[in-house]
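Residue numbers for the sequence shown follow my numbering, so the first one is 2 and each next one is one higher.
Using N, Cα and C, we set each Cβ at its ideal position, and we do this for glycine too.
All figures in this text were calculated on a predicted structure; none of them were measured in a lab.
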Amino acid sequence: MDSQFAPQVDHNNEVDSDTVTINGFMFCARHGLELCDSCPTDNRSSNNAMVEDSLHERLSEQEFSSKWKGDEREPFSVSHQWARVGGNGRPGCLEHKQVGCQECFNWEEKLYADIHGGKKAKRAARKAKRGSLQTSDM
Numbered sequence: 002m003d004s005q006f007a008p009q010v011d012h013n014n015e016v017d018s019d020t021v022t023i024n025g026f027m028f029c030a031r032h033g034l035e036l037c038d039s040c041p042t043d044n045r046s047s048n049n050a051m052v053e054d055s056l057h058e059r060l061s062e063q064e065f066s067s068k069w070k071g072d073e074r075e076p077f078s079v080s081h082q083w084a085r086v087g088g089n090g091r092p093g094c095l096e097h098k099q100v101g102c103q104e105c106f107n108w109e110e111k112l113y114a115d116i117h118g119g120k121k122a123k124r125a126a127r128k129a130k131r132g133s134l135q136t137s138d139m
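Take a look at the structure:
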């Protein structure tokens, strides 16, 4: 059955001549950089707008004001990490060949981990989760 409405387009995962957007974060299509001197482009401000509210909810006020660097944070790179996948040519990760892969391109979690010390925070979260699972089994 045909619809009178145009099909929904996933603007969070698309490629055009200048930009690749992966899970809502924009990068230069040519080099895969969030901050690219060659193109020149700096997408950190618009990308930060995508996750700033949820980071603010997850972090204490002190953490947010002292550790969140905003537009001065280290930029992300997706260089050699994505390709056009599927019949529609949308950007997906090379590792899983999946459009919008949350394992490879979960920007909010990557920023949260950077603020909380990366691997240490992930380890602590896994340990806490195991502890809660063990107490719930009793």
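| query | result |
| --- | --- |
| Where ALA50 falls, given that 16 or more other Cβ within 10 Å makes a residue buried | exposed |
| Close beta carbons around GLY33, own chain, < 8 Å, minus the five adjacent residues each side | VAL21, SER78, VAL79, SER80, HIS81, GLN82 and TRP83 |
| Cβ-Cβ distance between GLY88 and CYS102 below 8 Å | no |
| DSSP beta-bridge partners of VAL16 | VAL21 |
| GLY71 in three-state terms, based on DSSP | helix |
| Residues near GLY25 by beta carbon distance below 6 Å, same chain, minus five either side | ASN13 and MET51 |
| Test item: CB-CB of ALA30 and SER18 under 8 Å | yes |
| Backbone CA spacing between ASP38 and GLN5 [nearest angstrom] | 44 Å |
| Sub-8 Å separation of ARG85 and VAL10 beta-carbons | no |
| Other residues of its chain near MET27: CB distance less than 7 Å, five sequence neighbours each side excluded | THR20, ASN44, SER47 and ASN48 |
| Strand pairing of LEU34, partner residues [DSSP] | SER78 |
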